[in-house]
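First the structure, in the form of structure tokens, and then the observations on it.
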Amino acid sequence: MNRFLIVVGILCILAGLGWHWLVRIPFGRLPGDIHVVHDGFSFHFPIVTCIVISIVVSALLWVLRR
4 MNRFLIVVGI LCILAGLGWH WLVRIPFGRL PGDIHVVHDG FSFHFPIVTC IVISIVVSAL
64 LWVLRR
């Protein structure tokens with residue numbers, strides 16, 4: 004548990020330091036994300052963004068468990 008908290012803290016620090024570059028990543032606007040706009044109605048479903056985030060988190064957890 005201690006190791007996990009240290010890793011989470013380091014990741015938060017790195018995310019804070021890299022926020023300038025993280026803003027430029029087009030999460031939520033990737034090709035394949037569904038965005039439907041009609042009169043008075045807007046629907047946005049970022050399916051590709053969810054898949055990319057899932058793959059990244061799974062890879063990080065796999066690396067941390069080894």
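In this text, residue positions in the sequence shown follow my numbering: the first is 4, and each later residue adds one. We put the beta carbon where it would ideally sit given N, CA and C, even for glycine. Predicted model only: the values in this text are computed from it and were never measured.
Residue i - DSSP class collapsed to helix/strand/coil
i          : result
residue 39 : strand
residue 44 : strand
residue 6  : helix
residue 68 : helix
Pair within 7 Å by beta-carbon distance, residue i and residue j
i         : j          : result
residue 3 : residue 52 : Not covered by the structure: residue 3. The range shown for the chain is 4 to 69.
| field | Validate contact between the segment 46 to 58 and the segment 26 to 36 using beta carbons, cut 8 Å, 3 pairs | value | The segment 46 to 58 is in contact with the segment 26 to 36.
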